[in-house]
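Visitor: Numbering (the numbering used here), first residue to last: 64 to 395. Please read through the structure below; I'll follow up with questions.
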Amino acid sequence: MVVHDFIRSRKDSWAQLQAFLDKARRLSLARVPLDAFREGSSLYRQAVADLAYARMRFPGHPVVKELGQIVGQAHSILYQPGKARSSGWTVFWRRTWPTSVRAAAGPILLATAIFWAGAIAGFFLTAQNPVLERFFVSPPMREAIAAKRLWTESLTRTAPSAGTHIAVNNINVSLLTWALGLTFGIGTVWLLLFNGLMLGAIAAACLRAGMLTPLAEFVVGHGSLELPAIWISAGAGLLMADAMLFPGRYGRREELRLQGRKSVQIIVGIVPLLLIAGAIEAFISPSNAPGAAKALLGLCLGLALLSYIVLCAAAPKSDRVPGPKAGGREGD
């Protein structure tokens, strides 16, 4: 049997097992109906056999890694329920989200590069052609910059409501950037470029007015979380675009379903980042705190986010190595 025939003949069973695992995570294993549990256990044993066969016949093929992940998840849920189900959200924040982000490093880095390409282009184009400011910098911003002050000074007077408004707006932008991945990535790339161009144009306008340092002091604190959240959201959108453009071995619909599940996990995790960034932008960024203190805050937050993604993404060995173990819900 060639690998494509093997995948085609077994993929429905693997999809049923994945659906069972999703249900077990959502309800907790103890609440899964007995019939569904027995069916899930049977599907798990079949998947273990499939994994052994794939390792023997198709070593090095991506299907081996994917099957290993599914079997490892099933083993953890079926045979270690007390540990795995102690807290679904704890597992999500400790492992699922950072692991999903790390697995999507390619699309996220691509999104980051697109954004900064737009920012650099916007900066140099606006610096050489000041007339372009009106396309990217709003009239209130231009008036404030001309008066040698930032347009953000009013935030200190309305910090609580401003923080909420900022967070909601950033969440909406991130969700839109993610959802436009369904336009084969065109909408996501356009939003990244436009926001990059706008940031570059604002920086050029502030530089011309001698206001670049105040702008940097304002952005550095909350930007260390806000900008990565947007890049991560865009990367999640590009995951769906990749499934639509290059569907791979499962076909476009199935690949989109699989990548869509991963992208949803990623997008859920950016909401707390944007809430924290909104609070910082409303209370700290426009304050009279020293610029060095704001820069230190931004550096610490950025390093903390990076460390969290890198260190928590590594699952314990017990979650990665599949294999039957006694002590399940019932005798299997």
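Ideal Cβ positions, reconstructed from N, Cα and C, are used throughout, including at glycine. Bear in mind that the values here come from a model prediction, so they are computed numbers and not experimental data.
1) What is the DSSP secondary structure of H63, counted as helix, strand or coil?
2) Taking 8 Å as the limit between beta carbons, can you name the residues of its chain near Y313, skipping five residues before and five after?
3) Using only the alpha-carbon positions, how far apart do L243 and T251 sit?
4) Using CA atoms only, rank isn't needed, just tell me which of A268, L245 and A292 is closest to N232.
5) From E317 to G365, what does the alpha carbon distance come to, in whole angstroms?
6) Pick from V65, I330, V66 and S348: whose alpha carbon is nearest that of I171?
7) Classify D85 as buried or exposed, calling it buried when 16 or more other Cβ atoms lie within 10 Å of its own Cβ.
8) Taking the CB atoms as reference points, tell me whether M119 and G185 lie closer together than 8 Å.
9) With DSSP collapsed to three states, give me the class of F247.
10) Which complete alpha helix (DSSP H) runs does the region 66–118 hold, if anything under 4 residues is left out?
11) Among V65, A168, Y107 and A117, which residue has its Cα nearest to the Cα of A82?
12) Taking the alpha helix (DSSP H) that V327 belongs to, which residues open and close that run?
13) Checking 8 Å against the spacing of the C-beta atoms, do T175 and W294 come in under that value?
14) Flag this pair as yes or no: are the beta carbons of V126 and A115 separated by less than 8 Å?
15) By alpha-carbon positions, which one of Y142, S139 and D113 ends up nearest to K128?
16) Less than 8 Å between the CB atoms is what I'm expecting for A297 and T240, so what's the real figure, rounded?
17) Could you give the DSSP three-state label for W253: helix, strand or coil?
18) Which residue comes first and which comes last in the alpha helix (DSSP H) that contains V194?
19) Under a Cβ-count criterion, where at least 16 other Cβ atoms within 10 Å of its own Cβ denotes burial, should S163 be classed as buried or exposed?
20) Compare the Cα-Cα distances from S326 to each of I208, L360 and A166 and report the closest residue.
21) Using a Cβ-Cβ cut-off of 7 Å (strictly less than) and excluding sequence neighbours within five positions of P161, which residues of its own chain qualify?
Guide: Inspection of the coordinates gives the following:
1) Past the boundaries of the shown model lies residue 63; the chain is included only from 64 to 395, so the question cannot be answered.
2) For Y313, where only same-chain residues beyond five positions count, the Cβ hits under 8 Å are I70, K74 and L321.
3) If I take the Cα positions, the gap works out to 5 Å.
4) Comparing Cα positions, the closest option is A292.
5) Their Cα atoms are separated by approximately 35 Å.
6) The residue with the shortest Cα to Cα distance from I171 is I330.
7) The residue in question, D85, is exposed, as its Cβ has fewer than 16 Cβ neighbours within 10 Å.
8) The answer is no: Cβ separation not under 8 Å.
9) Of the three classes helix, strand and coil, the one that applies to F247 here is coil, per DSSP.
10) Qualifying alpha helix (DSSP H) stretches, in chain order: 66–90.
11) The residue with the shortest Cα to Cα distance from A82 is Y107.
12) Here the alpha helix (DSSP H) through V327 covers R315 to F346.
13) Yes. Within cutoff.
14) No, the pair does not count as a contact, with Cβ atoms beyond the cut-off.
15) For K128, the nearest C-alpha among the options comes from D113.
16) That belief holds up - the Cβ atoms of A297 and T240 are roughly 5 Å apart, short of 8 Å.
17) W253 falls in the helix class under three-state DSSP.
18) Note, V194: premise wrong, no alpha helix (DSSP H); not H, not E.
19) S163 counts as buried, since no fewer than 16 other beta carbons sit within 10 angstroms of its beta carbon.
20) Nearest to S326 by alpha-carbon distance, out of I208, L360 and A166, is A166.
21) If you ignore the 5 residues before and after P161, its C-beta comes within less than 7 Å of the C-beta of Y371, I372, C375 and A376, all in its own chain and listed in chain order.
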